[in-house]
Amino acid sequence: MLSASSYKLAKRCVRRWAYKEICRLKEPETSATAFGTRGHEQAERFLRDGIAPDLHTPEGRLVYESIPFLPRPGEAAVEVPFAFELDGAWFYGRIDAIHEAECTKLDHKFVSSLDYAESPASLVRDPAAVLYTLAAPFWETTRLRWIYNLKKRKAGQKPSNPVDATLPLTDAKKTAREGLIPAWRLLSGVRALFAGQDPTEALPLLDAIPCNPHDCMAFNRPCPHLAYCSRENPGLLEELTRE
Ligand code: SF4
């Protein structure tokens, strides 16, 4: 089974994906991911139970600012898990909110800048957007709303910035067949190679898996595997899955 976040990690560096998925070496939680988790919890409580965001917290203030772009409490299903198969490949994940009456699926983001935010044109190719569209309940066309909540703002920027797109089911299937399904096949093959092996014994063998040294210091944060990864044998997921 492959999730959007696992696919994104493999796109950054296949070996980094393998350290997490095969050797069970988790990526460490950062202050940014902890902030996002707390923000998601407050948004979930508001959408499900109508509990007002806690304005004493920065994440609560951002959720409060995003309310004009959210369904009313009780209108949306929240934190909806999914798992489905397409062309023999299995995918799973969790959708932040589904507003079924509007055929809309929402994602909350808590970010420091809008530099990496999707645009309406790029959102329709985002792996999470594609999986959200294909997951039940699905419609002929899904409305997607990614809400970028800004932790740091430059002059003139708004705290909450929705990006909207519509994605037909047929387009989502096509995009999945171009990227996600070939990736699932490759990564499932790598998993099978190490099936039943003790994670500590597998660790030195992962140097055989192609890697991307450009990701070692991505976002100014050192990869947690720098101490034992050789950083040799470069190769990207796109190159490995190209037909
Ligand atoms: S140290 Fe660099 S090459 Fe090795 S797994 Fe991490 S990101 Fe990939």
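For the sequence shown, the numbering used here gives the first residue as 119, with consecutive numbering after it.
Virtual Cβ for every residue (Gly too), placed ideally from N, Cα, C.
Just so we're clear, the structure is a prediction, and the values are computed from it rather than from any experiment.
Quick check on residue i: does DSSP put it in helix, strand or coil?
{"i": "Asn338", "result": "helix"}
{"i": "Pro238", "result": "helix"}
{"i": "Phe256", "result": "coil"}
{"i": "Arg212", "result": "strand"}
{"i": "Ser278", "result": "strand"}
{"i": "Arg261", "result": "strand"}
{"i": "Ala294", "result": "helix"}
{"i": "Ala195", "result": "strand"}
{"i": "Pro189", "result": "coil"}
{"i": "Lys227", "result": "strand"}
{"i": "Glu203", "result": "strand"}
{"i": "His332", "result": "helix"}
{"i": "Ala283", "result": "strand"}
Ignore the nearest five residues each way along the sequence and tell me which others in residue i's own chain have a CB closer than 8 Å to its CB.
{"i": "Ser278", "result": "Leu180, Glu183, Ser184, Pro186, Phe187, Ile265, Tyr266, Asn267, Leu268"}
{"i": "Gly353", "result": "Val132, Pro328, Cys329, Asn330"}
{"i": "Val229", "result": "Ala235, Tyr266, Asn267, Leu268, Lys269"}
{"i": "Cys378", "result": "Lying outside 119 to 361, the shown extent of the chain, residue 378 is not represented and no answer is given."}
{"i": "Glu258", "result": "Pro286, Leu287"}
Taking 7 Å as the limit between beta carbons, can you name the residues of its chain near residue i, skipping five residues before and five after?
{"i": "Lys138", "result": "Leu127, Lys144, Glu145"}
{"i": "Val198", "result": "Arg212, Ile213, Ile216"}
{"i": "Ala136", "result": "Val308, Leu324, Ile327"}
{"i": "Pro370", "result": "Nothing can be reported for residue 370: it is not among the residues displayed for the chain, which extend from 119 to 361."}
{"i": "Arg142", "result": "Pro317"}
{"i": "Gly178", "result": "Gln160, Pro171, Asp172"}
{"i": "Thr293", "result": "Arg243, Val248"}
Quick check: the Cα distance between residue i and residue j, rounded to an integer number of angstroms?
{"i": "Gly314", "j": "Leu249", "result": "29 Å"}
{"i": "Glu236", "j": "Ala194", "result": "23 Å"}
{"i": "Pro331", "j": "Phe312", "result": "23 Å"}
{"i": "Met119", "j": "Arg339", "result": "28 Å"}
{"i": "Val308", "j": "Lys291", "result": "24 Å"}
{"i": "Arg133", "j": "Val242", "result": "27 Å"}
{"i": "Arg349", "j": "Gly168", "result": "49 Å"}
{"i": "Lys227", "j": "Ser306", "result": "29 Å"}
{"i": "Ala273", "j": "Ser231", "result": "12 Å"}
{"i": "Asp172", "j": "Trp208", "result": "38 Å"}
{"i": "Arg190", "j": "Pro176", "result": "22 Å"}
{"i": "Ala170", "j": "Arg156", "result": "14 Å"}
{"i": "Pro300", "j": "Ser124", "result": "14 Å"}
{"i": "Ala310", "j": "Trp302", "result": "12 Å"}
{"i": "Phe164", "j": "Lys270", "result": "23 Å"}
{"i": "Arg166", "j": "Phe153", "result": "20 Å"}
{"i": "Gln275", "j": "His158", "result": "22 Å"}
{"i": "Gly192", "j": "Asp289", "result": "30 Å"}
{"i": "Met335", "j": "Phe200", "result": "33 Å"}
{"i": "Glu357", "j": "Asn351", "result": "13 Å"}
{"i": "Asp205", "j": "Thr251", "result": "16 Å"}
{"i": "Pro322", "j": "Glu220", "result": "50 Å"}
{"i": "Tyr210", "j": "Ser240", "result": "22 Å"}
{"i": "His174", "j": "Thr148", "result": "21 Å"}
Is the beta carbon of residue i less than 7 Å from the beta carbon of residue j?
{"i": "Asp225", "j": "Asp233", "result": "no"}
{"i": "Ile140", "j": "Ala345", "result": "no"}
{"i": "Leu285", "j": "Thr260", "result": "yes"}
{"i": "Arg295", "j": "Asp282", "result": "no"}
{"i": "Phe256", "j": "Leu287", "result": "yes"}
{"i": "Thr222", "j": "Leu304", "result": "no"}
{"i": "Val196", "j": "Glu218", "result": "no"}
{"i": "Leu355", "j": "Lys129", "result": "yes"}
{"i": "Phe202", "j": "Ala150", "result": "no"}
For residue i, collect the residues of the same chain with a Cβ closer than 6 Å to its Cβ; drop the 5 residues on either side in sequence, then sort them by chain order.
{"i": "Cys131", "result": "Cys329, Asn330, Asp333"}
{"i": "Ala246", "result": "Ala122"}
{"i": "Asp244", "result": "Glu236"}
{"i": "His343", "result": "Tyr137"}
May I ask whether a heavy atom of ligand 3 can be found less than 6 Å away from the beta carbon of residue i?
{"i": "Arg360", "result": "For the structure depicted, ligand 3 is absent and the ligand set comprises only ligand 1."}
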